[in-house]
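As structure tokens, the structure follows; a few thoughts come after it.
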Amino acid sequence: MRDDHRVGEALRARLPLRLELVPDWEDVLARAGVSRDGAGAATNGGRSRPDRRARSVRRRPRLSRRLLLAATLVLALLLSAPAWSGVGYEWVVHLVSGEPPKPIKEQLQRLDQGGPVGMGEHPLIDKTGKVYERQTSRGPVSIWLTPTKSGGYCANLVTPQPGRRSGPSSGGCFPAQLRRPIEVSASGMGTDFSAVYLSGRVTAKITRLAVRYVNGGSEQVPIQDGFFVAAVDPVRTLELTDHPHELVGYDANGHVVDRESLDDLFRFGSFGSDRPPVADITRERKAETVPLRGGSAALYLSPSRLGGSCARVNAGDTAWSWSCADPARLPAALRLQLTRVPDRSAAGFAILVHGVARTGAEVVFRYADGARAVVPLFEQNFLVVLPHERWQAGRRLIEIDARTPAGVQLRVPIAHGGDAFYTGGADRAPQHAVVQITNPPDLPIVAKVETRGEHGQKIVFFVKRQTATHWYQVLIVDGKPIAGEDLQWFPNPDGSPGNAIGFEGIPVLSPDGTSDLSLLVGNLRGTARSARVLYGDGSSQPLELTRPTAAIGGGITGFFVYEVTQSRRNRKPMRFDALDAGGRVVGRTKIPLEVRS
Amino acid sequence: MAGVAIDAFADLYRTRYHRFVRVAEAITGDVELARDAVQDAFAKAIRGRFAFRGDAMIETWVWRIVINTARSARSREPVAAKSTDVDAADNGGRQSEEDVTAAVALLPERQRMVTFLRYYADLEYGAIAETLEISVGTVGAALNSAHRTLRRALEEAER
């Protein structure tokens, strides 16, 4: 299932982002005609109506336009005049050096596209400069800063990407004045172990910065011109692990200037846990049951149609999580998930740790009192409930290892310092389904393109059919998987096949930046039988197509991979046309400016 | 499950208020109406909590109430035309925004609701299906049709 990002951006632009507080819950209760303890009109079964007078009295009054304008002015003054308001901190920018990498320029060019009217950042791209650069254990990191017309700045963080050249990620735009002594954001967050970077800026008073972890450890984070970047070890990036807990800024005398909590960055909101369509639940069976106070939780396994298996963790009548993984192809030796489900214990919840280990690995839980336990695996999946006696300091879970006969493959330090992990109540909602499989081994290839890039790279693009409407498409460059997508096509209500041509851009960055690729990968559908690219000089060129050998994607008639080479870029590729068997144009789609410029 | 504790609504209200307001604003076209509608919807949910059958998640049940309340609010109070102060340099953007707004207004009701829930509430397809009491396939189909219409509007705005 895919969103249309361009449409999404345009839609979100219709409603401006607002800073507003959540109105009092008491107002809602008053409208409902109940008191805080739930007593009132609804206690007799909810059938009686609330007191209409009370309801109208508590209705949220409309603010007049003048009042709104005044409030806006006050807010603007508060944000722009730190001396009056007490917020805002001294901050001086020194641009270190010059020319930003091309991906950063492209990112900045796209920044205001689809943005809310009147709220464009208008970055002055030519004035971009590097303000931070250092080596980390994973490679060089840098921050590029771009002033904006309104006097603010936009930041781009460049971090190492495994097997690829460093790529930028936007750190957002912000006013020149700091609003807090330490401003921080995180990039690279995910549900699996992944490289996470904390980056931001600090007030000039702060000369030393440390990141502190849940279990009490800390690391120094170098500051350059008020900016900082901290690389977080992938095994410390999940909520249940020993993750970064706070940043502490010190002045030149070693006194603490400010502490910034990081806990929210490592806590993922969740809602719903739909069954992944790849799970074959007709063959689902219960693999493990663990006792809870007043009930039990169970691990159910079903074969995944893409290889591996899908795991469902159930407690009561609720499926709290779904995840599918192929243990032979796990990105890390372990995947871990933490679920807190309600039970009838005094705490009101139980802590479930579940996950999957790579083929051939066993999972070992290690505790603070020296105890260790090899966890029973079911097709490499496991489910463990942490007994309440293991919630006490000195007896807690401190590490989860994935181990093979060759030794420990992955050690995951678990959060056991402080009580946050063992307090806070049950999860509010089931977790999002997690599906890791991007290149399923057992599906037939129905379309394949093999070509060479302008710098000699071997490009392989293939399509695997799952059903008539579901398919996977995978792009491999010089033997390295670059993109793998699980796609699905929905027919239109009137049965028509929809757009005749569509594509997505996939940039492939080379390690040294000298042989980048810009690929446009797309397909034709319906009555479209051929396609062409039109250039700015009025010329056109047919696209080479690969026809699928089986019905796929609800009527896809051809796939294409179009490389935007320098010579093609010089001709300014403007759009793709789809043509039917008679040569009539049945669809067209524009090529974005950033691709052709 | 028969009936819901009021605390469950309070949690939902505090954590999801802004999303509810965004969708309600998209439906009503007015942020004040939207805020009112969200508070009214929660009040209705509290009053009707004993009628909650437990065949849907609480959140999707509340979403249904918010949508219905916002629809009623829209039909009750005509929305005044909005005035916008825009720099001359932003005229292109405003034109594009107006085109999209007009295209959204012309979408069939189901497509519009699915679009709002997907892009303003960030709901998954399953949750949208449960909220609108339609199948996941219908959600996808409606969203696909909406994408097509809105893409066309965007492309025309750029010409």
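Chains as they are written, first to last, in this note's numbering: chain A, 615 to 1211; chain B, 5 to 163. Backbone N, C-alpha and C fix where the C-beta goes; we use that ideal spot for every residue, glycine too. The structure presented is a predicted model; accordingly, all values stated were derived computationally and were not measured.
task: Can you give me, in chain order, the residues of the region 136-155 of chain B that have a beta carbon less than 7 Å from any beta carbon in chain A?
output: Gly141, Gly144, Ala145, Asn148, Ser149, His151, Arg152, Leu154 and Arg155
- prompt: Which term fits Arg850/A, buried or exposed, when burial requires 16 or more other beta carbons within 10 angstroms of its beta carbon?
  reply: In the first sequence, counting from the first residue as 1, residue 850/A sits at position 236. Buried, because 16 or more other Cβ atoms sit within 10 Å of the Cβ of Arg850/A.
- request: Tell me whether Pro1162/A sits in a helix, a strand or coil according to DSSP, three-state version.
  value: Looking up residue 1162/A in the first sequence gives position 548. Pro1162/A: coil per DSSP, three-state reduction.
query: Hey, quick one: how far does the beta strand (DSSP E) through Ile50/B stretch, first residue to last?
result: Working through the second sequence from its first residue, we reach residue 50/B at position 46. Careful: Ile50/B lies outside any beta strand (DSSP E), inside the alpha helix (DSSP H) at Val35 to Arg51.
query: For Glu63/B, is the classification buried or exposed, using 16 other Cβ atoms within 10 angstroms of its Cβ as the cut-off for buried?
result: Residue 63/B sits at position 59 when you count from the first residue of the second sequence. Result: buried.
query: What's the C-alpha gap between Pro941/A and Glu898/A?
result: Working through the first sequence from its first residue, we reach residue 941/A at position 327. Working through the first sequence from its first residue, we reach residue 898/A at position 284. Whole-angstrom Cα-Cα distance: 18 Å.
message: Please confirm whether Leu121/B has its beta-carbon closer than 9 Å to some beta-carbon of chain A.
response: Position 117 of the second sequence, counted from the start, is the residue given in the question as residue 121/B. Not an interface residue.
Any C-beta of chain B under 9 Å from that of Ala685/A: The count along the first sequence starts at 1 and reaches residue 685/A at position 71. Residue placement at Ala685/A is poorly supported in this model, since its pLDDT is 36, which falls under 50; the coordinates are not used for a value here.
- prompt: Closest Cβ-Cβ distance between Lys819/A and chain B: below 9 Å?
  reply: Translated into the one-based positions of the first sequence, residue 819/A becomes position 205. No, no contact with chain B.
- request: Work out the CA separation of Thr855/A and Pro746/A for me, nearest whole Å.
  value: Locating residue 746/A in the first sequence gives position 132, where the first residue counts as 1. Locating residue 855/A in the first sequence gives position 241, where the first residue counts as 1. Reading off the sequence, residue 746/A comes out as Tyr, not Pro. Rounded to whole angstroms, Tyr746/A to Thr855/A spans 29 Å at the Cα level.
- request: From the DSSP output, in three-state form, read off Pro1019/A for me.
  value: On the first sequence, residue 1019/A is found 405 positions in, with the first residue counted as 1. It is coil, neither helix nor strand.
message: Helix, strand or coil, according to DSSP, for Arg676/A in the structure here?
response: Residue numbering aside, residue 676/A sits at position 62 when the first sequence is read from its first letter. Residue confidence for Arg676/A is low, a pLDDT of 37 falling below 50, so the modelled location carries little weight and cannot support an answer.
field: Residues of the region 32-51 of chain B whose Cβ lies closer than 7 Å to any Cβ of chain A, in chain order
entry: Glu36, Arg39, Asp40, Gln43, Asp44, Phe46, Ala47, Ile50 and Arg51
message: Between Gly922/A, Ile1028/A and Thr750/A, which has its C-alpha nearest Val843/A's C-alpha?
response: Working through the first sequence from its first residue, we reach residue 843/A at position 229. Here the closest residue by C-alpha is Thr750/A.
field: Nearest-angstrom Cα separation, counted from Lys1204/A out to Phe1075/A
entry: The sequence position of residue 1075/A within the first sequence is 461, counting from 1. The sequence position of residue 1204/A within the first sequence is 590, counting from 1. Straight-line Cα distance between these residues: approximately 22 Å.
task: Determine which residues of the region 835-848 of chain A have a Cβ less than 9 Å from any Cβ of chain B, and write them out in chain order.
output: none
task: Rounded to whole angstroms, what's the CA-CA distance from Arg156/B to Arg1143/A? Just pull it up for me.
output: Mapped onto the second sequence, residue 156/B falls at position 152. Mapped onto the first sequence, residue 1143/A falls at position 529. Spanning the two alpha carbons is a distance of roughly 21 Å.
- prompt: Using a Cβ-Cβ cut-off of 6 Å (strictly less than) and excluding sequence neighbours within five positions of Phe1174/A, which residues of its own chain qualify?
  reply: Start at 1 with the first residue of the first sequence, and residue 1174/A comes out as number 560. Cβ within range, chain order: Gly1136, Leu1157 and Leu1159.
- prompt: Terminal residues of the continuous alpha helix (DSSP H) containing Asp865/A?
  reply: As a position in the first sequence, residue 865/A is number 251, starting the count at 1. Taken as a continuous stretch (DSSP letters only), Asp865/A belongs to no alpha helix (DSSP H), as it is neither H nor E.
task: Would you check if the distance between the CB atom of Ala960/A and the CB atom of Thr1037/A is smaller than 9 Å?
output: For the purposes of this step, residue 960/A is taken as residue 346 along the first sequence, with counting starting at 1. For the purposes of this step, residue 1037/A is taken as residue 423 along the first sequence, with counting starting at 1. No, they are not a contact pair.
- prompt: Which whole-angstrom value is the C-beta distance of Gly1116/A and Gly1140/A, which I expect to be below 8 Å?
  reply: Position 502 of the first sequence, counted from the start, is the residue given in the question as residue 1116/A. Position 526 of the first sequence, counted from the start, is the residue given in the question as residue 1140/A. Their Cβ separation, rounded to whole angstroms, is 11 Å, which puts Gly1116/A and Gly1140/A out of contact at 8 Å.
message: Taking beta-carbon pairs under 9 Å, can you tell me which members of the region 13-25 of chain B lie near chain A?
response: Phe13, Ala14, Asp15, Leu16, Tyr17, Arg18, Thr19, Arg20, Tyr21, His22 and Val25
query: Got a sec: is the Cβ-Cβ distance from Val621/A to anything in chain B below 9 Å?
result: Your numbering for residue 621/A matches position 7 in the first sequence. It does; some Cβ of chain B falls within 9 Å.
query: Using a Cβ-Cβ distance under 9 Å, would Glu159/B count as near chain A?
result: As a first step, residue 159/B must be located in the second sequence, where it is residue number 155. Answer yes: the Cβ-Cβ gap between Glu159/B and chain A drops below 9 Å somewhere.
First through last residue of the beta strand (DSSP E) which encompasses Phe1075/A: Numbered from its first residue, the first sequence carries residue 1075/A at position 461. Per DSSP, Phe1075/A belongs to the beta strand (DSSP E) from Lys1072 to Arg1079.
query: With a cut-off of 9 Å, does the C-beta of Asp878/A fall near any C-beta of chain B?
result: Locating residue 878/A in the first sequence gives position 264, counting from the first residue. Closer than 9 Å: no.
- prompt: Taking 9 Å as the CB-CB cut-off, is Gly886/A touching chain B?
  reply: On the first sequence, residue 886/A is found 272 positions in, with the first residue counted as 1. Confidence is the limiting factor: at Gly886/A the pLDDT is only 43, short of 50, which leaves the residue's position unreliable, though a coordinate-based value still follows. True, the Cβ-Cβ gap to chain B drops below 9 Å.
- request: List the endpoints of the continuous beta strand (DSSP E) containing Asn995/A.
  value: Numbered from its first residue, the first sequence carries residue 995/A at position 381. From DSSP, the beta strand (DSSP E) with Asn995/A extends over Asn995 to Val999.
query: Would a check of beta-carbon distances place Val1/B closer than 9 Å to chain A?
result: Here chain B covers residues 5 to 163 and nothing more, so residue 1/B does not appear.
- request: Tell me, to the nearest whole angstrom, how far the beta carbon of Val825/A is from that of Leu861/A; I am working on the premise that it is less than 8 Å.
  value: In the first sequence, the residue the question calls residue 825/A occupies position 211. In the first sequence, the residue the question calls residue 861/A occupies position 247. Sure, about 6 Å apart at Cβ, within 8 Å.
- request: May I ask you to report which of helix, strand or coil DSSP gives Phe13/B?
  value: Taking the first residue of the second sequence as position 1, residue 13/B is located at position 9. If DSSP states are grouped into helix, strand and coil, Phe13/B belongs with the helices.
message: Between which two residues does the beta strand (DSSP E) holding Tyr1149/A run?
response: For the purposes of this step, residue 1149/A is taken as residue 535 along the first sequence, with counting starting at 1. Segment Ser1144 to Tyr1149, the beta strand (DSSP E) holding Tyr1149/A.
- prompt: Beta carbon of Ala1164/A, beta carbon of Val1060/A: below 9 Å?
  reply: On the first sequence, position 550 is the one that residue 1164/A refers to. On the first sequence, position 446 is the one that residue 1060/A refers to. Yes, they are a contact pair.
message: According to DSSP, Asn1113/A sits in a beta bridge with which residue or residues?
response: Mapped onto the first sequence, residue 1113/A falls at position 499. Answer is none; Asn1113/A lacks a bridge partner.
- prompt: Between Leu677/A and chain B, is there a C-beta pair that is closer than 9 Å?
  reply: Against the first sequence, residue 677/A aligns to sequence position 63. Because Leu677/A carries a pLDDT of 35, less than 50, the predicted location of this residue cannot be relied on, and the following value inherits that uncertainty. By this cut-off, Leu677/A is an interface position.
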